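*Asks:*
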Amino acid sequence: MKKIFVRRDESVAELVEKIISAEEEDIVLVIPNASGIGRAVSSFDLIKRESEAAGKKIFVESVDEKILALAKSLRIEALHPLFEAGRKSVLSDIVQVKAANPAVFPEKRVSKKLRKQKEEEVSLNIESEEESGAPKLHVRTAEVRRVVESPEETSDSSDGRGGIRRKFMFVLVLLGFIFLVGGGIWVVNRFFGTSSIAIHFKKAPWTHEHAFLVDTSAKSASFANYVLPGQFFNEEQNFVNTAHASGLKNVSERAIGVITIYNAYSSAPQQLVATTRFETPDGKIFRLSQQAIVPGAKIQNGKIIPSSIEAAIVADAPGSAYNLGPIPRLTIPGFKGSPKYSSFYGEIVKPTKGGFVGQKAVPTAADIQAAKDKTASILKTSLEFKLNSDITSDFKQFDSVREFRITKLSVNESTDENGNFSVLGEAKISTIGFREADIREFLKSIAIAGDTTLTLEDLMIEYRVTKADVPGGKLSFSTVASGTVTTDFSSDGFREELAGRTIEEARFRVSKLPGLSDAKISVWPIWLRHVPSDVKRIKISVD
Numbered sequence: 001m002k003k004i005f006v007r008r009d010e011s012v013a014e015l016v017e018k019i020i021s022a023e024e025e026d027i028v029l030v031i032p033n034a035s036g037i038g039r040a041v042s043s044f045d046l047i048k049r050e051s052e053a054a055g056k057k058i059f060v061e062s063v064d065e066k067i068l069a070l071a072k073s074l075r076i077e078a079l080h081p082l083f084e085a086g087r088k089s090v091l092s093d094i095v096q097v098k099a100a101n102p103a104v105f106p107e108k109r110v111s112k113k114l115r116k117q118k119e120e121e122v123s124l125n126i127e128s129e130e131e132s133g134a135p136k137l138h139v140r141t142a143e144v145r146r147v148v149e150s151p152e153e154t155s156d157s158s159d160g161r162g163g164i165r166r167k168f169m170f171v172l173v174l175l176g177f178i179f180l181v182g183g184g185i186w187v188v189n190r191f192f193g194t195s196s197i198a199i200h201f202k203k204a205p206w207t208h209e210h211a212f213l214v215d216t217s218a219k220s221a222s223f224a225n226y227v228l229p230g231q232f233f234n235e236e237q238n239f240v241n242t243a244h245a246s247g248l249k250n251v252s253e254r255a256i257g258v259i260t261i262y263n264a265y266s267s268a269p270q271q272l273v274a275t276t277r278f279e280t281p282d283g284k285i286f287r288l289s290q291q292a293i294v295p296g297a298k299i300q301n302g303k304i305i306p307s308s309i310e311a312a313i314v315a316d317a318p319g320s321a322y323n324l325g326p327i328p329r330l331t332i333p334g335f336k337g338s339p340k341y342s343s344f345y346g347e348i349v350k351p352t353k354g355g356f357v358g359q360k361a362v363p364t365a366a367d368i369q370a371a372k373d374k375t376a377s378i379l380k381t382s383l384e385f386k387l388n389s390d391i392t393s394d395f396k397q398f399d400s401v402r403e404f405r406i407t408k409l410s411v412n413e414s415t416d417e418n419g420n421f422s423v424l425g426e427a428k429i430s431t432i433g434f435r436e437a438d439i440r441e442f443l444k445s446i447a448i449a450g451d452t453t454l455t456l457e458d459l460m461i462e463y464r465v466t467k468a469d470v471p472g473g474k475l476s477f478s479t480v481a482s483g484t485v486t487t488d489f490s491s492d493g494f495r496e497e498l499a500g501r502t503i504e505e506a507r508f509r510v511s512k513l514p515g516l517s518d519a520k521i522s523v524w525p526i527w528l529r530h531v532p533s534d535v536k537r538i539k540i541s542v543d
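Note that full-length UniProt numbering has the sequence shown beginning at 1, numbered continuously upward.
#1: Given this structure, state the Cα-to-Cα distance separating ASN323 from ARG405, to the nearest angstrom.
#2: If I measure Cβ to Cβ from GLU10 and keep anything under 8 Å in the same chain, skipping five residues before and after, which residues do I get?
#3: Is it buried or exposed, THR452, if we count other Cβ atoms within 10 angstroms and call 16 or more buried?
#4: Along the chain, where does the alpha helix (DSSP H) containing GLU497 start, and where does it finish?
#5: Alpha carbon to alpha carbon, what distance is there between GLU253 and PHE232?
#6: Of all the beta strand (DSSP E) runs that stay within the bounds of the stretch 344 to 376, which reach a length of 3 or more residues?
#7: Does the stretch 330 to 338 come close enough to the stretch 360 to 379 to have 3 or more Cβ pairs within less than 8 Å?
#8: Quick check: the stretch 448 to 465 against the stretch 191 to 198, are there 3 or more CB pairs under 8 Å?
#9: Under a three-way DSSP split, which group does LEU324 fall into?
#10: Quick one: measure Cβ to Cβ for ALA447 and VAL423, integer angstroms, because I've assumed they're closer than 8 Å.
#11: Checking the sheet assignment: what are the DSSP bridge partners for ALA198?
#12: On the three-pair Cβ rule with 8 Å, is the stretch 36 to 55 touching the stretch 10 to 22?
#13: Within the same chain, show all residues whose beta-carbon is closer than 6 Å to that of VAL104, passing over the 5 residues directly before and after it, in chain order.
#14: Under DSSP, the alpha helix (DSSP H) around PHE434 begins and ends at which residues?
#15: Candidates PRO281, PRO363 and LYS512: which alpha carbon is nearest SER414's?
#16: The alpha helix (DSSP H) that contains PHE44, what's its start and end?
#17: Got a sec, what are the start and stop residues for the alpha helix (DSSP H) ALA268 sits in?
#18: Is the distance from the Cβ of VAL60 to the Cβ of LEU29 below 7 Å?
#19: With distances taken between CB atoms, is the gap from ILE432 to LEU383 smaller than 7 Å?
#20: Can you name the residues that DSSP bridges to TRP527?
#21: Please say whether ASP45 and LEU68 have beta carbons closer to each other than 7 Å?
#22: So what's LYS536 in DSSP terms, helix, strand or just coil?
#23: Hey, quick one: how far does the alpha helix (DSSP H) through ILE293 stretch, first residue to last?
#24: Tell me which same chain residues have a C-beta within less than 8 Å of the C-beta of ALA54, skipping the five on either side of it?
#25: Quick check on TRP527: buried or exposed, where buried means 16 or more other Cβ atoms within 10 Å of its Cβ?
#26: I'd like to check one pair, GLN359 with LEU248: are the Cβ atoms closer than 7 Å?
If you want it as structure tokens, here you go:
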């Protein structure tokens, strides 16, 4: 007897060929669940006819109730390997009883009931074999002897019940094993199963050349006229630069400083003309550089609260002797002899400086020019840095289209105690920028030509400035653009669309993607029949 294990996808022709080519006459067909052969009665009918024509007797073994029913409907013996284990003798080799005299054991006393039961079992076994269609056993009635049991057999009358109990335990353990395996498979599928989908879309190279105009007065993009709205970017800054003077000169310079003038006389303001004298306690004179008006004092609760004002002063004579301060009180000699003399006074908070007589460092013409150039360079570098910080990443701006202008360069040739002079510089920088997203969107619209299923990828733009008028707010340039036109595809949206669907449904939906070149769906474990419901376990790669 030969067993042939049938594949789920095996055709009837393949199976018939295996049956005919088998050497054995008795053949057991082990057919799996949901086999293609079990879809129609005609399949079994054809197998039976071809087998009988070849002199073969076939039996069917399957766990699929539908297949068992189809086989039995055509009078093909069929059995379930688990629940019809008691019929195994039908499919196994049968040893015929010989006519030789059986061994005779000493008779023991056996109850009539037990003897009758044994004789019935012998009779039933013979009948079942005759009904099964297996080779018949010819047993003469004279050879059916009385069953004689040994003392051990009579002492254990529960062997039959023990066998049934063992079979029941075996089935129970087998069912438990199936449940555990099935549960494990479900857990793996539910919590650890993954799906990988590799999608390849058709790609077409694309290039485009055209000229554009950026206009700061435009409110929105005009793709028909190739006009983009522009934006001004401006920065201003001043800077004081010091430089060392390389020349020498005999000089006579007066000290300068700032004086605070107080009015503790009345609520009326007091005008002081330029060159008004202020005298220190030791008799040194400083004069006002310009006219000053001292505000009137405040009167609160009958008391005078002095008012004050600051003014520039210069020493009455050159020399370092006038580098003084702080000085808490300076009088006004012009008010001497009047009540105002004690009520109007001055205070030097910060020392005066600059008084000098002798040889001193002075800047040469070359020193001054070098200081101006350096001041301008520092201003330009600083302003460009500030301008770059102001222009956000969504704006496109060309470094060649920047207008830098020095608005002031003032040189103070007076040197300090270290021989340094100073240059005050003021400058301004301006440029025009535009949103690169505007031009990218425009180029994309040209590339896809109205087909919303397409998109433009890997867009590269080469800019060539042709004309710039920064003060006028206009910029002209041309572009050479290149990219790849392919399907507009969202991996996240497609994951949600496939989640929880069968593999067949997923394959169908992938195959319907527009512009598809090829695709592959892989699952783990390999027996997975559904795409995971959790989108995090669905991996989609697009090329």
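We put the CB at the ideal spot given by N, CA and C, even for glycine. Remember, predicted model here, so these are calculated numbers, not experimental data.
*Replies:* Once the coordinates are examined:
#1: As a working mapping, residue 323 is identified with position 323 in the sequence shown. As a working mapping, residue 405 is identified with position 405 in the sequence shown. One C-alpha to the other measures close to 40 Å.
#2: By one-based count along the sequence shown, residue 10 stands at place 10. Excluding residues within five positions, the ones whose Cβ falls inside 8 Å are SER35, GLY36 and ILE37.
#3: Sequence index remark: in the sequence shown, residue 452 carries index 452 (1-based). So THR452 counts as exposed.
#4: As a working note, residue 497 is residue 497 in the sequence shown. Unbroken alpha helix (DSSP H) run through GLU497: 491 to 498.
#5: If you number the sequence shown from 1, residue 232 lands on position 232. If you number the sequence shown from 1, residue 253 lands on position 253. So the two alpha carbons sit approximately 48 Å from each other.
#6: 344 to 348 and 356 to 362
#7: no
#8: no
#9: If you number the sequence shown from 1, residue 324 lands on position 324. Note: LEU324 maps to coil in three-state DSSP.
#10: For the purposes of this step, residue 447 is taken as the residue at position 447 of the sequence shown. For the purposes of this step, residue 423 is taken as the residue at position 423 of the sequence shown. About 55 Å separates the two Cβ atoms, so there is no contact after all.
#11: Along the sequence shown, one-based indexing puts residue 198 at 198. Bridge partners of ALA198: LYS520 and SER541.
#12: yes
#13: Reading the sequence shown from its first residue, position 104 is the one you call residue 104. A caution first: VAL104 carries a pLDDT of 40, below 50, which makes its placement in the model unreliable, though a value can still be read off. Nothing meets the Cβ criterion.
#14: In the sequence shown, residue 434 corresponds to position 434, counting from 1. Careful: PHE434 lies outside any alpha helix (DSSP H), inside the beta strand (DSSP E) at 420 to 435.
#15: Within the sequence shown, numbered from 1, the residue matching residue 414 stands at position 414. Minimum Cα distance to SER414 is reached at PRO363.
#16: Sequence index remark: in the sequence shown, residue 44 carries index 44 (1-based). PHE44 -> alpha helix (DSSP H) spans 41 to 53.
#17: For this step, residue 268 is matched to residue 268 along the sequence shown. First-last for ALA268: undefined, no H or E at that position.
#18: By 1-based counting over the sequence shown, the position of residue 60 is 60. By 1-based counting over the sequence shown, the position of residue 29 is 29. Going by C-beta atoms, VAL60 is nearer than 7 Å to LEU29.
#19: The sequence position of residue 432 within the sequence shown is 432, counting from 1. The sequence position of residue 383 within the sequence shown is 383, counting from 1. No, the pair does not count as a contact, with Cβ atoms beyond the cut-off.
#20: To locate residue 527, count along the sequence shown from 1; it is residue 527. TRP527 is not bridged to any residue.
#21: Walking along the sequence shown from the start, residue 68 turns up at place 68. Walking along the sequence shown from the start, residue 45 turns up at place 45. In this structure, ASP45 does not lie closer than 7 Å to LEU68 by Cβ.
#22: For the purposes of this step, residue 536 is identified with residue 536 of the sequence shown, where counting begins at 1. Helix at LYS536.
#23: Looking up residue 293 in the sequence shown gives position 293. Not the alpha helix (DSSP H): ILE293 falls in the beta strand (DSSP E), residues 292 to 294.
#24: The sequence position of residue 54 within the sequence shown is 54, counting from 1. The answer, listed in chain order, is ILE19 and ILE20.
#25: Position 527 of the sequence shown, counted from the first residue, corresponds to residue 527. With fewer than 16 Cβ atoms within 10 Å of its Cβ, TRP527 is classed as exposed.
#26: Here residue 248 refers to the residue found at position 248 of the sequence shown. Here residue 359 refers to the residue found at position 359 of the sequence shown. Yes, Cβ-Cβ distance for LEU248 and GLN359 is below 7 Å.
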